[in-house]
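J.:
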Amino acid sequence: MSTLLESSGSPGSPTGRETRGDARRKLLLQTTLRLIGEQGIAAVNHRSVAKAADVPLGSTTYWFGSRQEMLTEALREFVNAENATLEFRLDDVAGDELRTSQLVEAFTAHLVSQLGEERWRTVAQYTLMQEAIRDPELELICREWTEAWTGALIPLFGRLGTTDPELESRAFLALLDGLLINQLATPDPNASENFLRPALEAWFSRFDDPDPDRS
28 MSTLLESSGS
38 PGSPTGRETR
48 GDARRKLLLQ
58 TTLRLIGEQG
68 IAAVNHRSVA
78 KAADVPLGST
88 TYWFGSRQEM
98 LTEALREFVN
108 AENATLEFRL
118 DDVAGDELRT
128 SQLVEAFTAH
138 LVSQLGEERW
148 RTVAQYTLMQ
158 EAIRDPELEL
168 ICREWTEAWT
178 GALIPLFGRL
188 GTTDPELESR
198 AFLALLDGLL
208 INQLATPDPN
218 ASENFLRPAL
228 EAWFSRFDDP
238 DPDRS
């Protein structure tokens, strides 16, 4: 995923103006996510986001017509980043010689990264997902997100020989959510070794490493 600051346009050119605007919008969305992660959804409004981002109030009202739009676009921003992360991790391990041990390590690293310095992002994620229970706009984004991850995982589980790759993918997503929520609510300082990796090893132990010659 390319950075929003990548541009060859001069400050006075349309490209330069667009890039600065995109960067400001991204800052506001990241600030919205941080507020949700640290203080909850009730803390989000145009004024609080502008103050936390250290920008004029007009910046938030320019980019977002309502609080609802801020929440919706913040979740979409998070989803886009997570989809890119999944694609990167799968590209890194799903080569010709796919190994379940590599998958365990890749997904352990993915979970650990979500519980470390950017834990607030994971809190924001599940706060917004909970809000989606009552919010059709957020629900739609969550559905699109689930479909994107499921679609990315289906080929992987197909290579592992499961008879129903789609069901396996959806169940695996539920496992990842459960592991993260558990560690948000009852954190273990050594979760990687005590809980996350063993759980993933148990999941993938049901599969044999695929034959690289199998089509």
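Residues are numbered in the working numbering as their position in the sequence shown, beginning at 1, plus a constant of 27. Note that CB positions come from ideal geometry on N, CA and C, so glycine has one too.
1. Give the straight-line distance between the Cα atoms of L32 and V106, rounded to the nearest whole angstrom.
2. Quick one: what does DSSP say R161 is sitting in, helix, strand or coil?
3. Suppose the cutoff is 7 Å on Cβ atoms and the five residues either side in sequence are ignored; what does the same chain contact list for R74 look like?
4. Which one of L98, Q57 and I63 has the shortest CA to CA distance from D81?
5. Excluding sequence positions up to five away, which residues of its chain have a Cβ less than 8 Å from the Cβ of W147?
6. Starting from S86, trace the alpha helix (DSSP H) both ways and give me its first and last residue.
7. So for L117, helix, strand or coil by DSSP?
8. From F231 to R116, what distance separates their C-alpha atoms?
9. Among the candidates G205, L194 and L187, whose CA atom is the shortest distance from the CA of Q129?
10. For P163, collect the residues of the same chain with a Cβ closer than 6 Å to its Cβ; drop the 5 residues on either side in sequence, then sort them by chain order.
11. Is G67 helix, strand or coil by DSSP?
12. When burial is assigned at 16 or more other CB atoms within 10 Å of the CB, is M28 buried or exposed?
13. Is I208 near the ligand FMN, going by C-beta to nearest heavy atom under 7 Å?
T.: A quick look at the data gives this:
1. Confidence at L32 is low in this model, with a pLDDT of 26, below 50, so its placement is unreliable and the value that follows should be read with caution. Near 20 Å, if we compare the C-alpha coordinates of V106 and L32.
2. In this structure, R161 counts as coil in the three-state DSSP scheme.
3. Cβ-Cβ distances below 7 Å link R74 to L84 in the same chain, with the five nearest sequence neighbours on each side left out; the list follows chain order.
4. Nearest Cα to D81 within the set L98, Q57 and I63: Q57.
5. Cβ neighbours of W147 beyond the five flanking positions: L60, R61, G64 and E65.
6. Element bounds for S86: L84 to W90.
7. L117 sits in a helix when the DSSP states are folded into three classes.
8. F231 and R116: Cα-Cα distance of roughly 16 Å.
9. Of G205, L194 and L187, the residue nearest in Cα terms is L187.
10. So the list is empty, once near-sequence residues are dropped.
11. It is coil, neither helix nor strand.
12. In this predicted model, M28 has a pLDDT of only 30, less than 50, meaning its place in the structure is not dependable enough to derive any value.
13. The ligand FMN is not among the ligands present in this structure, which contains no ligands whatsoever.
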